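Asks:
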Amino acid sequence: MSTTIVTKNPTHRAGRQRSRRGGSRYTLAAFIAPAYIFLAISLILPVLNNVWNSFFDVNNKTVLTGKAPFVGAANYSALTEDGELQKAIATTLIFVFANVVLQYVLGFALALWFNRRFPGAGWQRGLLILALMQPPIVTGVIFKWILDGHYGVLNAALRGLGMIHQDINWLSDPRWALICVILMNVWVGTPFTITLLVAGLKSLPSSVYEAAEVDGASVSQRFWYVTFPMMRPVSFTALILSAVYTFKVFDLVYVSTAGGPGDSTRLMTVMLYDLSFHFFRFGEGAAAANILIAMPLALAALYAYVTRREN
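In terms of this note's numbering, the sequence shown has 894 at position 87, counting the first letter as 1, and numbering is strictly consecutive.
(1) Verify whether the separation of the beta carbon atoms of Ala-1095 and Met-1075 is less than 8 Å.
(2) Checking 8 Å against the spacing of the C-beta atoms, do Ala-922 and Lys-1009 come in under that value?
(3) If I follow the unbroken alpha helix (DSSP H) through Val-961, where does it start and stop?
(4) DSSP three-state call for Phe-863: helix, strand or coil?
(5) Arg-924 by DSSP, collapsed to three states: which one?
(6) Which whole runs of the alpha helix (DSSP H) in the segment 880-920 are 4 residues long or more, in chain order?
(7) With H, G and I counted as helix, E and B as strand and the rest as coil, what does DSSP make of Met-808?
(8) For the candidate residues Lys-894, Leu-892, Leu-1059, whose alpha-carbon lies nearest to that of Val-995?
(9) CB Asn-866 to CB Gly-1090, shorter than 8 Å?
(10) Can you name, in chain order, every residue of its own chain whose Cβ lies under 6 Å from the Cβ of Met-808, other than the five neighbours on each side?
(11) Suppose you measure from the CA of Ile-971 to the CA of Leu-965; what does that come to, to the nearest Å?
(12) Compute the distance between the beta-carbons of Asp-864 and Pro-853, then report whether it is under 8 Å.
(13) Taking the runs of the alpha helix (DSSP H) that are 4 residues or longer, which of them lie wholly in the segment 1030-1094?
(14) As a quick exercise: from Ala-1050, Pro-841, Val-988, Tyr-883, pick the residue whose alpha carbon is nearest that of Ile-944.
(15) Give the straight-line distance between the Cα atoms of Ala-837 and Ala-1105, rounded to the nearest whole angstrom.
(16) May I have the straight-line CA-CA distance separating Ala-1111 from Arg-982, to the nearest angstrom?
(17) Assuming Phe-1057 and Val-1077 form a contact by the criterion Cβ under 8 Å, report the distance between their Cβ atoms to the nearest whole angstrom.
(18) Along the alpha helix (DSSP H) that carries Ala-1024, what are the first and last residues, could you check?
(19) Taking a contact to mean a Cβ-Cβ separation below 8 Å, would you say Trp-920 touches Leu-954 in this structure?
(20) Evaluate Leu-871 with the Cβ neighbour count: other Cβ atoms within 10 Å of its Cβ, from every protein chain shown; 16 or more gives buried, anything less gives exposed.
(21) Using only the alpha-carbon positions, how far apart do Glu-1020 and Val-1005 sit?
(22) Within a Cβ cutoff of 7 Å, which residues of the same chain sit near Val-1041, ignoring the five residues on either side of it in sequence?
(23) Could you check the C-alpha separation between Asn-882 and Asn-1097 for me, to the nearest Å?
(24) Taking the straight line between their C-alpha atoms, what separation do you get for Gly-929 and Pro-998?
(25) For the alpha helix (DSSP H) that contains Phe-950, what are its first and last residues?
(26) Using only CA atoms, which one of Gly-1092, Thr-1114, Leu-1109, Pro-1103 lies nearest to Leu-892?
(27) Using a Cβ-Cβ cutoff of less than 8 Å, which residues in the same chain neighbour Lys-1129 once the five nearest sequence positions on both sides are dropped?
Right under this line is the structure:
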């Protein structure tokens, strides 16, 4: 009696696996394609159109006819002639740097606090979500009332404590205006930084802290030699995202100071808004927008490079 052993063709099996993988790739592409199409229509095409307009003399007359003359780099040159662009860039960089540092330091301190277990921790974390949900323009209006030089709550409180004898014009004094809008945006952005850092702290392994405690490490040593180094990837992400979001701040500043007094709080976002919708110099506004976009794009490229190298 003989037996017959039937073996499957390995070539046929490999072909079926390749076909299955190819089919899954096509299915995945079909699901992702709408998102890429939407991204191209809503983001990439407007950016390219903005770059195109920056080389033409687009104003309130030529924008309707669609026959704006080509001027090359004249729009970029016009921005630098009177130092307007340089001043706006300097103010923006100061605003971004101060916000990133303050949001990170304050956010890390509060993240360490919220990472503990204590009565009321749940509802206090809930307040962070409420702060994130509040529109920046509402925050700007509220702070404008608080910081008003004549009937603001802050001046009334300081007078009651005997700390001042004369009202301070917080938002109309060039010495205070930029500091005030920086602190306003710190109020807006810090809850997001806290949320990121708390998530990072929750992911740290407890065994490392137990080993450090057994070795006799103090609280400060555990922070500087365990927590802080292990939080480096999350910290880097928080810093980059904070900077990118701060570059885009417009409504908070515009509703509180409108870029004044003078140009002490005139960020790049306020400048390009004025150029485009107050003076109707759309070509110069497009040029200013391109310069503004380049700054967070450089940070995004740095973030992509660092994360790819670490991975």
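Each residue gets a CB set at the ideal place from its N, CA and C atoms; glycine is no exception.
Note that the coordinates shown come from a computational prediction; the quantities given were computed from them, not determined experimentally.
Replies: The structure says:
(1) Yes, Cβ-Cβ distance for Ala-1095 and Met-1075 is below 8 Å.
(2) For the record, residue 922 in the displayed sequence is Asn; it is not Ala. Note that the C-beta distance between Asn-922 and Lys-1009 is below 8 Å.
(3) It should be noted that the sequence gives Leu, not Val, for residue 961. 960-967 is the span of the alpha helix (DSSP H), which, as asked, contains Leu-961.
(4) Three-state DSSP puts Phe-863 in a strand.
(5) Correct three-state label for Arg-924: coil.
(6) You should have 881-888.
(7) A caution first: Met-808 carries a pLDDT of 48, below 50, which makes its placement in the model too unreliable to give a value.
(8) The residue with the shortest Cα to Cα distance from Val-995 is Leu-1059.
(9) Taking the C-beta atoms as reference points, Gly-1090 is found nearer than 8 Å to Asn-866.
(10) Only weak support exists for where Met-808 lies, its pLDDT of 48 falling under 50; the coordinates are left without a value.
(11) Here the alpha carbons of Leu-965 and Ile-971 stand approximately 6 Å from one another.
(12) No, these two residues do not count as a Cβ contact at 8 Å.
(13) The qualifying runs are 1039-1054, 1058-1063, 1075-1084.
(14) Comparing Cα-Cα distances from Ile-944 to each of Ala-1050, Pro-841, Val-988, Tyr-883, the minimum goes to Val-988.
(15) Cα-Cα distance, rounded: 31 Å.
(16) Their backbone Cα atoms lie some 38 Å apart in a straight line.
(17) Confirmed, about 7 Å.
(18) Per DSSP, Ala-1024 belongs to no alpha helix (DSSP H) and is neither H nor E.
(19) Taking 8 Å as the cut-off, the beta carbon of Trp-920 is found no closer than this to the beta carbon of Leu-954.
(20) Under this definition Leu-871 is an exposed residue.
(21) Their backbone Cα atoms lie some 21 Å apart in a straight line.
(22) Here Val-1041 has Leu-1003, Leu-1004, Gly-1007 as same chain residues with Cβ atoms under 7 Å from its own Cβ, once five neighbours each way along the sequence are excluded.
(23) Straight through space, the alpha carbons of Asn-1097 and Asn-882 are spaced by roughly 11 Å.
(24) Straight across, the Cα-Cα distance linking Gly-929 with Pro-998 is about 15 Å.
(25) It spans 943-953 - the alpha helix (DSSP H) in which Phe-950 sits, taken as one unbroken run.
(26) Nearest C-alpha to Leu-892: Gly-1092.
(27) Since the displayed the chain opens at 808 and closes at 1118, residue 1129 lies outside it and no answer follows.
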